[in-house]
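Residues -28 to -1, 1 to 1037 in mature numbering (1 follows the signal peptide of the UniProt record, and there is no 0) are what the sequence shown spells out, letter by letter. Virtual Cβ for every residue (Gly too), placed ideally from N, Cα, C. Values in this document were obtained by computation on a predicted structure and should not be read as measured data. Right, one structure below, let's go through it.
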Amino acid sequence: MKIKKKLISKMLVLVMCTSYTPTMKVFAEESKVVDQVTTSVIEKTEEIGVSNDKNNTEEIANPESDFAFNANIGEITGYYGEDTTVVIPSTIRGESVKSIGEMAFSSSWRKTANIESISIPEGVTDIKRYAFQRCANLKSIRIPNSTTVIYDNAFENCESLTDIVIPNGVRGLGAYVFSGCSSIETINIPTSICDIGAGAFRNCSKLKDIIVDNNNWYYTSDDGVLFNKSKNTVIKYPEGKYSESYLIPDSVINIGNYAFEYCSELKSVTIQNSVTDIGSGAFYYAKALTTVDIPNSVTKIGDDAFDGCSSLIGVTIPNSVTSIGANLFWRCSSLTNVKLPDGITNIPNNTFAECNSLKNIVIPSGVTSIGSSAFSYSGLTDVVIPDTVRTIGSWGFASCHDLASITIPDSVTTIKERAFQACYMLTSISIPRGIRTIESGAFEHCKSLKNVVIPENITEIRDTAFQYCSNLTNVTISYGVTSIGNYAFQFCDKLERIEIPDTTASISTNAFVSCPNVIFYVESNEEKQILINSGISDNKITVELQSEEGLVRSIILDNANVTLLNGYSLTLNAEVLPYNAKNKTLSWKSSNSDVAIVDETGKVTAVGLGKATITCTANDGSNQTATCLVITTDNYDSKFKFNQVTGTIEDYVGNDTVLVVPRTINGVLVTKIGNNAFNSCSDLNTIEIPNSITSIGDYAFNKCINLKNIVMPDSITSIGEDAFYKCINLKNITIPSSVTNIKRYAFSNCSSLESIVIPDSITTIEIGTFRECTNLETVSIPNSVTSIGSSAFFRCISLTNITIPSSATSIGSGAFCGCTGLKNVVLPNLQEISDNVFNHCTSLIGIIIPESVTNIGPYAFTNCDSLKYVIVPSTVKSIGKGAFENCNETMFYVDSMEEINLLCNNGSSGDKIQLASELPKINLTLSKTTLDMSTKQTETLVATILPKCITKNVSWESSNPDVASVDETGKITAIGEGTATITCSTTDGSNQSATCLVTSKEVLVNEFLGDVDSNEKVNVIDAALLKKYILNSSTVINLANADINGDGKVNAIDLVLLKKMILEK
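So, in structure tokens, the structure goes:
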């Protein structure tokens, strides 16, 4: 008989699990065929005495009216009765009950907390998610043999449940299915179980034993501990097991996720040499654990592995471990000694947060980044950060109240917000040369700081940077700082002296609030006025003029640290301050010419392996210098995950600030930058892409928040979706003319992007391409563009004018929605104005709807509250809901009663609508009234006729075609030297005209084009000076040399072209 039972039992498991995937999170329904076979085997099993019915007494079912029931699928969806004992009927309204639905009895939103016992009828096959969640008084439940799946959280927090029998028919237990069942002491896993979800027995604080049937093909147990069948993974050690020590069997390779969580009695665990992987949360909140020996067979430790082990004293992580998870020792309040492995490169977020007994730690020399809150609220007293570290994350050392000393090397290029907040004992800080910004709250509440020198490499001091530094007495801000943010020095009540250089153009009105004793020392009356404008009293400011005017005050290199592939070159760009220094020439020198050499332009070439410091020195006797640490390597390839078959860079694992992407990796040509290749590389500042690359993949540089410079070659044809999303420091980018496809959201949220020139190879501006580029002021859309996608320029609030080319036939919904600075827009011959296209363009003044338009979409001009006039032609046959809602000042000019009716039906007031016959006198204006041109140069004038004329046809004429000719579109071509008057006239008999005076000069070859400072050289200094002129037109420059494109104007486009010219040299 026993043999027969075993045989039938194995048959049952085989049938039940053939179509069941053990790792599934949501259990699939079985096919009817399998169900029929399963039922047949169960019936045979019952014949030999296997039953889940303990007393075989007939139960009286609750009335059907107590239940909410979906008859279509046979599912109970709710319970409205008040009984403590519930017997679910097998049929309701004549339909069989097949499942207990999601949250059907959950007390989270039903009054079911008083239920003490439940009986589920035969025929129910599944108990769905949260079905009995928080039935706090439920003590017992009868689950029928027909049940095959119990889904996630089904009995979560049934804290009184003491007795539960899982029938031999259930194939899967969902995640957290019995989590929080704090009264269960024993769980029996039957033969049929194929899968147990994550956290199934979490917070079962009295659970002492998990017993698995010997015939189960997927799981086994040993001394009440749950393992997989092969016993190479420990899955769950019962939380209520009364044992102070445990020896993990030598068959175990993996300690599963949360295997020993909440084991409050366990003081020591012996991990044998067979173990290679300690899973996430493996010992989570094992509060009694004092010691754990990690063998050198372990290579990986997951997130939260020892989080909350408040009695853990010391841990040595062997060098075999190559990566550690986040939150590893978080809240290990007794931890005093820890040794980290040499091979790790990252100390993740919260690794030692709240380890308030940890006084000292050695950070391995290979570490390149320290994560957010990595050491926050720890007991550290002093720290030496190795010179391999590039990034210190937000709150990295925040609230290390005893930290008195920290050494930060020049390799660090990023210190994020509040990194050292509330380090009460910190008396001094040396800010690395690679840092450009002191982030918000970086040293807030560092109340022992007394003297601070802001080095010349810093350009911005952000909000609350030194707020509440109550013992700070002296601050020296070096030349180069341009702005000081809100509350930057608030409540520094002992601050006596602060030196502010001339470069500081922006000081927040709250920067020095509650600093009653401070005296400000400035170098000019202009800087004094900036302080006065920010709310500083005149008698608090002392002007100390520099004794030697014209000397260099500061040199700032664009990079302080560079890793360079042996044999490759990179040019360092130097910004020399002040801009009007008399002698801005520099000398360059390498500390180790066997490793790296540098020429007179700052071009560095790696010639060997090792380190070299590149120093540039001002030649004017001021002794100003700047340095860059160059590390050379011949193993660049190891930084890339590279697909040799497709030539694609799939991932980047380095921490460089400057990166020259190699043309070949392992001898194979690099042709693509793959999806997500550089995603969230926050250290990356400058990247140069070789001309072998043809495409940039989706999300390739997504959230590279410090990326400022990128050189894209003419070989690139495609830029992927979200490729540069949230590159918030990217100000200018040149898109090569080879690019034919820019995918959706490619430059979305590039909030510093100021100008963009779209090449004429582009035909479509995709959805959201420049969405929320809030500093975008100018954009050039070529005549090749035929469509502009939805929300393409959404919330580009700095955009004031836009000319949509005549080639464009469609503009997507919301394309310019929220462009609050947009004042003028010229529409092409569209058939439709889409919904929301100019919604909330609050500065828009007037709109002429083209005669090609037949439909104006819903909310097209809603909330354009500055809109003064709209001219609606007779071609418009429909106006969508709310098209002009809240345009209260708008006057509409129409051709017929039909448009009047359309507008009135749309909610426009009749007194704001006039027929074209009632229009005031026609007014013809040109986009320019004077033009200075060079021979062969062309310029197109735009004629605007307001408010409306019978036709829009105009004629063009030149008074001197030998000097300047004009065609029927208003395109002027300068031919010879002299002047000519271009006249534009209406052709409808209204006799309106407008003129533009053109002065044409012969083209002279300018051999010093780009030499903005007139020193007969064209270099990065010229680019820096041109940038300053664009920001402040009072800056003295050679305007002729600065007009790179020869259009008679000096603007951001010239700056972009100059930078490209310098790079091509």
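Subject >> Nonlocal neighbours in the same chain, by C-beta distance under 8 Å from L145, ignoring five residues either side >> reply: If we look at L145 and ignore the five residues flanking it on each side, its Cβ neighbours are I122, I138, I165, D167, I168, G169, A172.
Original post:
How would you label I214, buried or exposed, when you count the other beta carbons within 10 angstroms and need 16 or more for buried?
Top reply: Here residue 214 turns out to be Tyr, not Ile, going by the sequence shown. Exposed, since its Cβ has fewer than 16 Cβ neighbours within 10 Å.
Original post:
Does any CB atom of chain C fall closer than 9 Å to the CB of P550?
Top reply: This model lacks chain C altogether, as it is built from one protein chain only.
Original post:
How about I491 and I470: are their beta carbons less than 9 Å apart?
Top reply: Taking 9 Å as the cut-off, the Cβ atoms of I491 and I470 count as close.
Original post:
Start and end of the alpha helix (DSSP H) containing T994?
Top reply: The sequence given here places Asp at residue 994; Thr does not occur at that position. Per DSSP, D994 belongs to the alpha helix (DSSP H) from 992 to 1003.
**OP:** Out of L601, D686, N627, state which residue places its alpha-carbon closest to the alpha-carbon of T643.
**Re:** Of the listed residues, the one whose Cα sits closest to T643 is D686.
Original post:
Going straight from the alpha carbon of S664 to that of L631, what length do you get?
Top reply: Near 16 Å, if we compare the C-alpha coordinates of L631 and S664.
Original post:
Should N865 be labelled buried (16 or more other beta-carbon atoms within 10 Å of its own) or exposed?
Top reply: Reading off the sequence shown, one finds Tyr at residue 865, where the question assumed Asn. Result: buried.
Original post:
Any idea if Q616 is buried or exposed, counting beta-carbon neighbours within 10 angstroms, 16 or more meaning buried?
Top reply: So Q616 ends up on the exposed side.
**OP:** State the DSSP-derived secondary structure class of A966, mapped to helix, strand or coil.
**Re:** Three-state result, A966: strand.
**OP:** Evaluate E988 with the Cβ neighbour count: other Cβ atoms within 10 Å of its Cβ, from every protein chain shown; 16 or more gives buried, anything less gives exposed.
**Re:** With fewer than 16 Cβ atoms within 10 Å of its Cβ, E988 is classed as exposed.
**OP:** Specify the secondary structure class of N28 as computed by DSSP and reduced to three states.
**Re:** Low confidence applies to N28: its pLDDT is 44, below 50, so where it sits in the model is not reliable, and the reading given next is rough at best. Judged by DSSP in its simplified three-state form, N28 adopts coil rather than helix or strand.
Original post:
Short check: CB of G982 to CB of A1024, under 9 Å?
Top reply: Taking 9 Å as the Cβ cut-off, G982 and A1024 do not qualify as a contacting pair.
Original post:
With contact counted as at least three CB pairs below 8 Å, one residue from each stretch, are the stretch 552 to 562 and the stretch 486 to 501 in contact?
Top reply: Contact between the stretch 552 to 562 and the stretch 486 to 501 is absent, because fewer than three Cβ pairs lie under 8 Å.
Subject >> A1014, DSSP secondary structure in three states >> reply: Looking at A1014 - three-state DSSP - the assignment turns out to be helix.
**OP:** Assign L537 to one of three DSSP states: helix, strand, or coil.
**Re:** Note: L537 maps to strand in three-state DSSP.
Original post:
Name the DSSP beta bridge partners of G144, please?
Top reply: Bridge partners of G144: V121, D167.
**OP:** Measuring alpha carbon to alpha carbon, tell me which of N801, S377, N808 ends up nearest A764.
**Re:** Ranking the options by Cα distance to A764, first place goes to N808.
Subject >> Spatial distance of S154 from L179 (CA atoms) >> reply: Here the alpha carbons of L179 and S154 stand approximately 8 Å from one another.
**OP:** Work out the CA separation of Y209 and N188 for me, nearest whole Å.
**Re:** Linking N188 to Y209 through their CA atoms gives a straight-line distance of about 19 Å.
Original post:
Three or more beta-carbon pairs under 8 Å between the stretch 564 to 584 and the stretch 621 to 631, yes or no?
Top reply: No: fewer than three Cβ pairs fall under 8 Å.
Original post:
By how many angstroms is the C-alpha of S371 removed from the C-alpha of T409?
Top reply: If I take the Cα positions, the gap works out to 21 Å.
Subject >> Element boundaries [beta strand (DSSP E), containing E471] >> reply: From DSSP, the beta strand (DSSP E) with E471 extends over 469 to 472.
Original post:
Are S269 and T248 close, meaning C-beta to C-beta below 9 Å?
Top reply: Here S269 is near T248, since their CB atoms are less than 9 Å apart.
Original post:
For G950, which option in T958, K943, G942, V935 has the closest C-alpha, if you only look at C-alpha atoms?
Top reply: Closest in alpha carbon position to G950, among T958, K943, G942, V935, is V935.
Original post:
Rounded to the nearest angstrom, how far is the Cβ of D265 from that of T242, given a contact under 8 Å?
Top reply: About 7 Å; that satisfies the 8 Å criterion.
**OP:** Work out the CA separation of S850 and V(-3) for me, nearest whole Å.
**Re:** Because V(-3) sits at a pLDDT of 38, beneath the cut-off of 50, its placement in the model cannot be relied upon, and the point is left open.
**OP:** Could you pull out every residue in the same chain whose Cβ sits closer than 7 Å to the Cβ of V206, ignoring the five residues on either side in sequence?
**Re:** Once the five neighbours on either side are set aside, the close Cβ partners of V206 are V197, F199, I220, V224, I227, G228, A231.
Original post:
Leaving out five residues before and five after Y493 in sequence, what residues of the same chain have Cβ atoms less than 6 Å from its Cβ?
Top reply: Annotation for Y493: E471, T514, E516 place their beta carbon closer than 6 Å to its own, counting only its chain and skipping 5 residues before and after.
Original post:
For E432, which of helix, strand or coil comes out of DSSP?
Top reply: E432 carries a strand assignment under DSSP once its states are collapsed to helix, strand and coil.
Original post:
Should the stretch 646 to 656 be called in touch with the stretch 599 to 609, which here means at least 3 C-beta pairs below 8 Å?
Top reply: Counting Cβ pairs under 8 Å, fewer than three are found: no touch.
Original post:
Excluding the five sequence neighbours on either side, which residues of its own chain have a C-beta within less than 7 Å of the C-beta of G53, listed in chain order?
Top reply: Non-local beta-carbon contacts of G53 in its own chain, meaning distances under 7 Å to residues more than five positions away in sequence, involve N34, D38 in chain order.
**OP:** Please look up how many angstroms separate the CB atoms of N1010 and V984, rounded, as I've assumed it's under 8 Å.
**Re:** So it is a contact: roughly 6 Å between Cβ atoms.
Subject >> Contact belief for S815 with T792 at Cβ below 8 Å, rounded distance in angstroms >> reply: Contact flag correct, Cβ pair sits at about 6 Å.
Original post:
DSSP three-state call for V287: helix, strand or coil?
Top reply: The answer is strand: DSSP assigns V287 an E or B state.
Original post:
Which residues in the same chain have their Cβ closer than 8 Å to the Cβ of V5, if we skip the five residues on either side of it in sequence?
Top reply: Here V5 scores only 34 on pLDDT, less than 50, and its place in the model should not be relied on; the value that follows carries that caveat. Nothing meets the Cβ criterion.
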